[in-house]
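Protein chains in written order, with the numbering used here: chain A, 115 to 344; chain B, 688 to 794. Built from N, CA and C at the ideal position, the CB exists for glycine as well. Nothing here was measured: the structure is a model prediction, and the numbers come from that model. Here the structure is laid out as structure tokens; the discussion comes afterwards.
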Amino acid sequence: MHIPDGYLSPQTAVTMYAAAAPFWYLAARKAKVVLTARTVPLLSIFAAFAFAIQMFNIPLPGGTTGHAIGATLMAVVLGPWLAIIGMSITLVIQALIFGDGGITAIGANVFNIAVVPAFVGYFTFRLISGSSSTDSRRWVIGGAVGSYLSINAGALLTAFELGLQPLLFHQVDGTPLYAPYGLAQAIPVMMLGHLTVAGFVEALVTGMVIAYLQRANQQLLALHHKRQEA
Amino acid sequence: MRLKYLWILLISLVILSPIGLLAQGTAWGEWSVEELEEKGLGFVPQGLQQLSALWEAPFADYQFPGLSESFGYVISGLFGVSLVVGSAWVVGLWLSRKEASEKKKGC
């Protein structure tokens, strides 16, 4: 799901940076209010968690590989805005240091892997968990379902951005200039893998960590929630 | 707030990360120029060819020169985790800085 350099036209890349930028701005403003010396370590550890989770490549139906992302987990503990910050840091380091995702594609990858998943996952989680207490099963289910939807939303967006390239950016004879496969190929293959295996792994990992935190450190799990109520 | 066990879990994940190397194949839409050539497409899109060379990551594909694939992956994982933790810490502290007047109000 990490789009490399060259798969998006410069126009698309710039557009996606423009799409991500307002969220960075708003997240930074939000962070100024809610981040404290106490929560900074949490941001660090969950951002690192996402990084570690993403190293586990999973074979997907269709012969390709994918991985869980960890955005919803971060959003449940820290709220969606801090999740966007944490995930963005992870994505930038992945691109710069490890070549996982392109530099021109950072805007797109942030939008697809940080912004949209954080919000989709968070709102789904809030919808399902409702007013139930931190140790309720609804927190686990909310996290699992939310993260499943979030990774698939991200995959769909990625497929859409890649699949549009040959349609919009080609040579006079129709030869694609960037990502070579159109929507008719991109969407089915991406969604097949993520709706089945990758989404399931994401849901499992998210649910398991929430369940673990419910037993080991409920205070941490409830941190963002308490702040919302205060 | 006891975070010790989260750190242990994190490090354990990184040590187990070579499991992530077992999966054959590449992620869809993440092929290198060489991999695209092998795919039987017949050509490499021009723009892709040009832009793909834009950035040479120091530890591309999570490999360390001179180390085996698995060992390099784990070292990259530990290195990456440290970078993420460090950067997030710095960014977090920077973003959370409050004016002296705000500090008196809030707390």
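- [ ] Quick one: list the residues of chain B neighbouring H116 of chain A, beta-carbon separation under 7 Å, in chain order.
- [x] E717
Open item on the list: How far does the alpha helix (DSSP H) with K144 of chain A in it extend, from its first residue to its last?
Closed with: 124-148
Task: Rounded separation between Q226 of chain A and Y326 of chain A - CA only - done: At residue 226 of chain A the sequence reads Asn, which differs from the Gln that was named. About 27 Å.
Task: W776 of chain B at chain A interface by Cβ criterion, 7 Å - done: yes
TODO: Check G180 of chain A in the structure and name its three-state DSSP category.
DONE: strand
Task: Cut-off 8 Å between Cβ atoms - residues of its own chain near G793 of chain B, not counting five sequence neighbours on either side - done: Any reading at G793 of chain B must be qualified, since the residue scores a pLDDT of 48, below 50, and its modelled position is unreliable; the value itself is stated next. These residues qualify, in order along the chain: K785.
Task: Distance, S264 of chain A Cα to A222 of chain A Cα - done: 15 Å
TODO: Taking the CB atoms as reference points, tell me whether G235 of chain A and I324 of chain A lie closer together than 7 Å.
DONE: no
Task: For H284 of chain A: DSSP bridge partner residues - done: A:P290
Task: For A744 of chain B, three-class secondary structure by DSSP - done: coil
TODO: May I have the straight-line CA-CA distance separating V128 of chain A from H308 of chain A, to the nearest angstrom?
DONE: 26 Å
Task: Whole-angstrom distance between A232 of chain A and P194 of chain A, CA atom to CA atom - done: 5 Å
TODO: Would you verify that the beta carbon of C794 of chain B is, or is not, closer than 7 Å to some beta carbon of chain A?
DONE: Unreliable placement is indicated for C794 of chain B, whose pLDDT of 45 sits below 50; the coordinate value is still reported in the next sentence. Taking Cβ atoms only, chain A never reaches closer than 7 Å to C794 of chain B, which makes this a no.
Task: Distance between E725 of chain B and A744 of chain B (C-alpha atoms, nearest Å) - done: 23 Å
- [ ] With W718 of chain B as the anchor, note down where its alpha helix (DSSP H) starts and where it stops.
- [x] Neither: W718 of chain B is in no alpha helix (DSSP H) and is coded neither H nor E.
TODO: Please confirm if W742 of chain B has its CB atom under 7 Å from at least one CB of chain A.
DONE: yes
Open item on the list: Less than 7 Å between CB atoms is the rule here; does L282 of chain A satisfy it with respect to chain B?
Closed with: no
Open item on the list: If the criterion is Cβ atoms closer than 7 Å, does the pair H116 of chain A and G215 of chain A meet it?
Closed with: yes
- [ ] Could you tell me whether the region 693-704 of chain B touches the region 159-171 of chain A, where touching means 3 or more Cβ pairs closer than 8 Å?
- [x] yes
Open item on the list: Please tell me whether P294 of chain A has its Cβ less than 7 Å away from any Cβ of chain B.
Closed with: yes
TODO: Could you work out which residues of chain C lie near F730 of chain B, taking near to mean beta carbons separated by less than 8 Å?
DONE: Of the protein chains in the structure, A and B, none is chain C.
Task: Which listed residue (A:D119, A:A161, A:S202) has its alpha carbon closest to that of A141 of chain A - done: A:S202
TODO: Determine the chain A residues that contact P745 of chain B at a beta-carbon separation under 7 Å, and present them in chain order.
DONE: I211
- [ ] Check the Cβ-Cβ distances between G321 of chain A and every residue of chain B, and say whether any is below 7 Å.
- [x] no
TODO: Using alpha carbons as the reference points, say which of B:Q711, B:G767, B:Y749, B:L728 lies closest to Y760 of chain B.
DONE: B:Y749
Open item on the list: Count Cβ pairs between the region 144-164 of chain A and the region 183-200 of chain A that sit closer than 8 Å; are there 3 or more?
Closed with: yes
Open item on the list: Quick check: T248 of chain A and Q332 of chain A, are their CB atoms within less than 7 Å of each other?
Closed with: yes
Open item on the list: Could you check whether the Cβ of N266 of chain A sits closer than 7 Å to any Cβ belonging to chain B?
Closed with: no
- [ ] Closer than 8 Å by beta-carbon distance: list the chain A residues that pair up with I762 of chain B, in chain order.
- [x] Going along chain A, no residue has its Cβ under 8 Å from I762 of chain B, so there is no contact; the nearest lies around 12 Å.
Task: Contacts around G734 of chain B, its chain only, beta-carbon distance under 6 Å, and the 5 residues preceding and following it disregarded - done: none
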